[in-house]
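Participant: Heads up: the sequence shown begins at -2 in the working numbering, then just goes up one per residue. Ideal Cβ placement from N, Cα and C applies to all residues, glycine included.
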Amino acid sequence: MPSTPPYRPTEPPDSPTHDSDSDLDLDIQELDPISSEPARGSQHEPPAPEPRTARIALRNLRMGGLRRASKRGRGYGDLGADRDDSNDHARGLLDEHDDARQPWSDGGGNGEDGVPLLGGGQRSHVRRASRSSLRLPSFMTGSKKPDDEAPDEQEEDDPSTSRHVAVGSSQATKFPTNMVSNAKYTALTFLPITLYNEFSFFFNMYFLLVALSQAIPALRIGYLSTYIAPLAFVLCITMGKEAYDDIERRRRDTEANSEEYKVLSFGDPESRPATLRPRKPLRSDNLRRNSRRGQGSRHDLSDIQEEDSHGEDVQPSSYVQETSRKSKDLKVGDVLKLAKGQRVPADVVILQCYSSDGITVTPSKEPAEEEALLALDETDDPKGKQPAAEAIKHEAETGSVGEAFIRTDQLDGETDWKLRLASPLTQNLAPEEFVRLRVTGGKPDRKVNEFIGTAELLPTRQDATTHHSMVPHDEQHTQSVALSIDNTAWCNTVIASQGTTLAVIMYTGPQTRSALSTAPSRSKTGLLEYEINSLTKILCALTLALSIILVALEGFENTEGNVWYIKIMRFLVLFSTIVPISLRVNLDLGKSAYSRFIQRDPGIPGAVVRTSTIPEDLGRIEYLLSDKTGTLTQNDMEMKKIHVGTVSYANEAMEEVVSYVKQGFHIQPTTDPASQTALITPSSTYSATVNVGATRTRREIGSRVRDVVLALALCHNVTPTVDTEDGREVTSYQASSPDEIAIVKWTESVGLKLAARDRKSMTLESTDGRVVVRVRILEVFPFTSDGKRMGIIVHFHENLHAAPADLNSGEIWFYQKGADTVMGSIVAANDWLDEETANMAREGLRTLVVGRKKLSVKQYREFSAKHQEASLAITGRDTGMQSVVARYLENDLELLGVTGVEDKLQKDVKPSLELLRNAGIKIWMLTGDKVETARCVAVSSKLVARGQYIYTVAKLNRKDSAQDHLDFLRSKTDACLLIDGESLHLLLTHFRMEFISIAVLLPTVVACRCSPTQKAEIAKLIKEYTKKRVCCIGDGGNDVSMIQAADVGVGIVGKEGRQASLAADFSIEQFYHLVKLLVWHGRNSYKRSAKLAQFVIHRGLIIAVCQTMYSIDWLLVGYATVYTAAPVLSLVLDKDVDENLANLYPELYKELTSGRSLSYRTFFVWVFVSIYQGGMIQGLSQILTEVDGPKMVAVSYTVLVLNELIMVAIEITTWHPIMIISILGTFVVFVGSIPFLGGYFDLEFIITW
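#1: Would you tell me roughly how many angstroms separate the C-alpha atoms of Leu547 and Lys1188, rounded to the nearest one?
#2: Out of curiosity, what's the CA-to-CA distance linking Val936 and Ala838?
#3: Decide if Thr462 is buried, meaning its Cβ has at least 16 other Cβ atoms within 10 Å, or exposed.
#4: Under DSSP, the beta strand (DSSP E) around Gln813 begins and ends at which residues?
#5: Using a Cβ-Cβ cut-off of 7 Å (strictly less than) and excluding sequence neighbours within five positions of Ile482, which residues of its own chain qualify?
#6: Counting only runs of 3+ residues fully inside the region 858 to 938, write out the beta strand (DSSP E) ranges in chain order.
#7: Tell me, which residues are paired with Tyr502 by DSSP?
#8: Would you identify the three-state DSSP class for Ala710, choosing helix, strand or coil?
#9: Taking a contact to mean a Cβ-Cβ separation below 8 Å, would you say Ala1042 touches Ala1016 in this structure?
#10: Distance, Cα to Cα, Asn796 vs Ile740?
#11: Between which residues of its own chain and Glu737 is the CB-CB distance below 7 Å, once the five residues before and five after are set aside?
#12: Roughly how many whole angstroms lie between the Cα atoms of Ile578 and Leu206?
#13: Going straight from the alpha carbon of Asp406 to that of Gln856, what length do you get?
#14: Measure the alpha-carbon distance for Leu1141 versus Pro908 and round it to whole angstroms.
#15: What residue ranges within the region 1011 to 1064 form continuous alpha helix (DSSP H) runs of no fewer than 4 residues, ordered along the chain?
#16: For the putative contact between Ser1082 and Val605, defined by C-beta atoms under 8 Å, what is the C-beta separation to the nearest angstrom?
#17: Under 8 Å Cβ to Cβ from Asp831, same chain only, skipping five residues before and after it: list those, please.
#18: What's the call for His987, buried or exposed, on a 16-neighbour Cβ count within 10 Å?
#19: When the distance is taken between beta carbons, is Leu913 closer than 8 Å to Pro824?
#20: Name the residue from Asn632, Thr630, Glu653 and Leu209 whose alpha carbon lies nearest to the alpha carbon of Val641.
#21: Taking C-alpha atoms, which residue in Ile1217, Ser166, Glu1241 and Leu1199 lies nearest to Phe1227?
#22: Pro134: buried (16+ other C-beta within 10 angstroms of its C-beta) or exposed?
#23: For Trp1077, count neighbouring Cβ atoms within 10 angstroms of its own Cβ and tell me buried if that reaches 16, exposed if not.
#24: Give the straight-line distance between the Cα atoms of Arg276 and Leu455, rounded to the nearest whole angstrom.
#25: Taking the alpha carbon of Ser315 as the reference point, which residue from Asp331, Pro266 and Gly338 has its own alpha carbon closest?
#26: Suppose contacts are defined by Cβ-Cβ distances below 8 Å. Is Val1205 in contact with Leu1128 by that definition?
#27: Once DSSP output is grouped into helix, strand and coil, what is the label at Asn827?
#28: Can you check whether the CB of Ser623 is closer than 8 Å to the CB of Ser609?
#29: Look up Leu751 in the DSSP assignment and give the residues it is bridged to.
#30: So, with DSSP's three-state summary, where would you put Ile1231?
#31: Please identify the residue among Cys1029, Ile698 and Tyr946 whose C-alpha is closest to the C-alpha of Glu1014.
#32: Quick one: Cα of Gln879 to Cα of Val846, how far?
#33: Output the distance between the C-alpha atoms of Ala229 and Tyr1120, rounded to the nearest integer angstrom.
#34: Label Ile920 either buried or exposed according to how many other C-beta atoms from any shown protein chain fall within 10 Å of its C-beta, with 16 as the threshold for buried.
#35: Three-state secondary structure (DSSP) at Glu726?
#36: Once you ignore the five residues that flank Ile1209 on each side, which residues in its own chain have a CB closer than 8 Å to its CB?
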């Protein structure tokens, strides 16, 4: 057991260090992850109580993982023992599934070790007979501020105000369910919406009016069914497809809604089963707990022990059971139990995080080392006091502030893992006492990076469920802490770290951040539909003109029962075939065929067509908006290159690095026993015995390689965790940045493995498993987006077992890595850094410059004192701390090397982007990731051409400077624009049309730090301004709004979710499948539909011309169906070019975007052809047969059918067997049916042919 540190009194509450602007403002955003359970038996003394709410603003801890070495070994009385003991019970309760598991015998941890030690000998023995009140260190509690109460005076059920959630209990307000729904319709809205959408087209409205006209006797020409039936058939097909698509969406939603989650249910302790009754504490329990108490604790501990002996009188507030519940059944207030890899089903506030029993955690300090550190603390501490801010920092370091990492790439597109924290108030609370918590949050909104709330611990469960304003505020009974974005996990994020996370649901279903950032589904209509609708209006006008001309030729005199306008109406009905209703039927059948071709294409495995109404639009795309993470990249980082000043290593050359590392970290065995436990330090001689015979140059290079590999293995925030899979141990790494994980994996691959990491130390092993490096972590300076660098100060051990008693016995080194833009001025002068980083940047690699500096004990002590002084400043703390770091550390660093990390691209992304660009498609990349990351991916994917100028607009917040950027872009339209979300918001707000008019001219635009709403807004803006077709492709939940806003939405089935795939019109598995979808299937769909539409119009117009010349009873239905339908419909199999040719010459795609295949020009050409052919057929028939009815019908009808078959054959580019069969089969059917047409044909006349 470690020695107990002597008690050190805390500073009084009114000390400046207790101000809210002091060290209580701790930024834990960049902390190392804790994967291990706090070491048992650690002794901690609590700080003095503080009468104010503890606001842990996560701002400044980034500069002080441990600002003072003297604060590391501090204890806090028995608070840690209580935490460990409590967590033991929690893990036993939550991880085991034994019905007889033991309840909390100490009433939620407050009966024994959890009672805070109040300063000045004051204690509070406030107890209730049936319920216990958990009392915590005062830095976790405090009185409520008056302004915190203001919102609570409003009605709870008002959606525009804050909400109060009673944890684990039923809510006073009815909140929305947690059902996911991508459906467009309900049972009630399906018919009205689909009918409105159908008849909003002039095409369908025209036929509806024609059909209804047959109900008027004066206008009736034929049977009513001949007009109603085709229209009903078309509507049934269209509505049937819509219904099928919506049913499929509902089926997929059902799968997501049926996902099972573990939920903690809280029962009344009075009604708990007998097997779960509290047991009396055994004497051994007290002895065991008492043995953990420190010898130097104050006399208050004896009072706590006296209370312990009465533990059997204390009853917990509830008893906890674990149940499974479907995602759709989750409610606000439910407590979820989440594990690694689970998707968060709703917006939650994290209550507790702890390591699972099955996880092998990093080892704790050895007792000898702990004693040495404590001894060092005593010698280094100038004040002998420990402010409350340091207490919170220590709690974070020892695991009291539970930590979990989440992946948010499905929400905001960022690749870095986010650190999330449990509040100290809830982390140390027994699960049975969760029901005493009330969490307050703001109204639902779409801001994914903001949250303000509070958590209150009330005396009883009834108090928590009662309205806030009705509860009398008792300073001694109610504790509260502030909550921020760091305490939350939004819906569709994924738990990334090992262990278990307990979280309470705050927002469900449509009120989650993810849902609010997603636009509702809408029905999409293809551009071809709009074009045909316009052509229909022209045909209708032509029909009206023809009717008026015919009536005028006869005269406008009114006769009895024959009024002139009635004649016009009858002609309109008679010539309704000019606007053929079969056009809709053929086009809808064609769309179904195209969808089937896409889904059955072996070149696009797994493709799904979810919206079958717009396949032709795939051939008309002019703007492609793509997500980055998971779409263009795999979000899998890999170390590709390292440069050490004189030589660069990449690919196969890494084998040489392995040999250098093996030599550099080899410890020569000798007869001296000390050599068996010796460790490597930066000043160790470079294995000259192993390197006998090597040249001086090779020894120098080997030394440099060893130094840079050691620096990379130490300078990071990565924590190793060991999990058991299939009976074997598997090491994985946790960190906020995938870049750091890639670098640590690389150091392991070359022979230096990160074996263990905790807050205070790191251990490195060689390939044979021997510990070769062990360091004590003195300071950590995590990466920030502003600083663009991270650093660490370490104290090297020289022997495996003997920890240094003070700083004089080992080496102290400062390591730092960061972007070349900031490190260039920090490292010592050199002549190769700029050139090498530029070379790596051109390859699309993410570069990091690595440097180091040796510190003397005097230098470190001086720095530490100044840094500590700056950290206690009330104002300008961040600036002051950074100036100390810059003055003492960040100057004249020894430049060790440059690393190049690659974000692996998806398969065939480079050739795909090049082909699409050559096809005339302008590509925009919209991502939520950082500027540097977006730039690297744009270069590596060849989205930006080699040598192309990248113009960056970032952090733009002034309108006057915005105009300068626009003027520059207007003069340089061949540049690539790289813009961040903040600048984009300014431009879209104040220079909307001016910006988009310039942006659409640029070959490439890369927008980073984009919110889901901004992505959708850009898609809509391009559509509105250019009137061109826009395609959006993505794989995450943050891309859903963009996909739904686009003319064509393509979703990639991602590793982390299917939200984008489910909401998209087309779903594919890889980005490169998009090329075939657009260039091949898009081309065919558009070309075929254009030809099909023209043939159907030609077929209707030619027979209308014949009727105009001689109106008789025609076989109209037979002509449009039996005798011409199959050949015309077979045109959906036509191909104008070969697939290989379409890929070889993507420029052919440009012709499609102009819409020349179906334009006014081609339309009027076909109208002229139809009028000419109809006139010739009918005119010659009358001349040849001298207007003999049956003979003329036989001639003209036969010629009509043969003419249509010949026209189809002439227009076919690539013959298909089905085309041949349909044409020949139709001809045979026609010939075979002639004997049955005696009522229309003169059969004797036909025989004489």
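Facilitator: Looking at the coordinates:
#1: Answer to the nearest angstrom: the Cα atoms are 25 Å apart.
#2: Per the coordinates, the alpha-carbon of Val936 lies some 8 Å from the alpha-carbon of Ala838.
#3: It counts as buried.
#4: Taken as a continuous stretch (DSSP letters only), the beta strand (DSSP E) holding Gln813 covers Ile809 to Gly815.
#5: Take Ile482, set aside five residues on each side of it, and the residues of its chain with a beta-carbon closer than 7 Å to its own are Asn446, Glu447 and Phe448, in chain order.
#6: Listed in chain order, they are 891 to 902 and 919 to 923.
#7: Looking at the sequence itself, residue 502 is Ile, so the reference to Tyr does not match. Answer by DSSP bridge pairing, in chain order: Val345.
#8: Of the three classes helix, strand and coil, the one that applies to Ala710 here is helix, per DSSP.
#9: Between Ala1042 and Ala1016, the gap from beta carbon to beta carbon is short of 8 Å.
#10: If I take the Cα positions, the gap works out to 27 Å.
#11: Correct list, in chain order: His713, Asn714 and Val715.
#12: Distance between the alpha carbons of Ile578 and Leu206: 13 Å.
#13: Roughly 42 Å between the two C-alpha positions.
#14: Those two C-alpha atoms are separated by around 12 Å.
#15: DSSP runs (the alpha helix (DSSP H)) wholly in the region 1011 to 1064: 1037 to 1042 and 1056 to 1060.
#16: Contact flag wrong, Cβ pair sits at about 16 Å.
#17: Result list for Asp831: Asp817 and Gly821, in chain order.
#18: Flag for His987 reads exposed.
#19: Sequence inspection shows Val at residue 824; the Pro mentioned does not correspond to that position. Their beta carbons are not under 8 Å apart, which means Val824 does not touch Leu913 by this criterion.
#20: When C-alpha distances from Val641 are compared across Asn632, Thr630, Glu653 and Leu209, the shortest belongs to Glu653.
#21: Closest by alpha carbon: Leu1199.
#22: For Pro134, the pLDDT reaches just 39, beneath the cut-off of 50, and the residue's location in the model is therefore unreliable, although a value from the coordinates is still provided. The residue is buried, with at least 16 neighbouring Cβ atoms inside 10 Å.
#23: That one is buried.
#24: Here Arg276 scores only 47 on pLDDT, less than 50, and its place in the model should not be relied on; the value that follows carries that caveat. Linking Arg276 to Leu455 through their CA atoms gives a straight-line distance of about 25 Å.
#25: It is Pro266 whose Cα lies nearest to the Cα of Ser315.
#26: Remark: C-beta atoms of Val1205 and Leu1128 approach each other more closely than 8 Å.
#27: Here Asn827 sits in coil by DSSP.
#28: No, they are not a contact pair.
#29: Partner(s): Leu761.
#30: Reduced to three states, the DSSP call for Ile1231 is helix.
#31: Comparing C-alpha distances from Glu1014 to each of Cys1029, Ile698 and Tyr946 shows the shortest one belongs to Cys1029.
#32: Approximately 19 Å between the Cα atoms of the pair.
#33: A direct Cα-to-Cα measurement between Ala229 and Tyr1120 gives close to 22 Å.
#34: Buried: at least 16 other Cβ atoms inside 10 Å.
#35: When DSSP states are grouped into helix, strand and coil, Glu726 belongs to the strand group.
#36: Within its own chain, the residues whose Cβ lies closer than 8 Å to the Cβ of Ile1209, once the five positions on either side in sequence are excluded, are Leu1128, Asp1131 and Met1216, listed in chain order.
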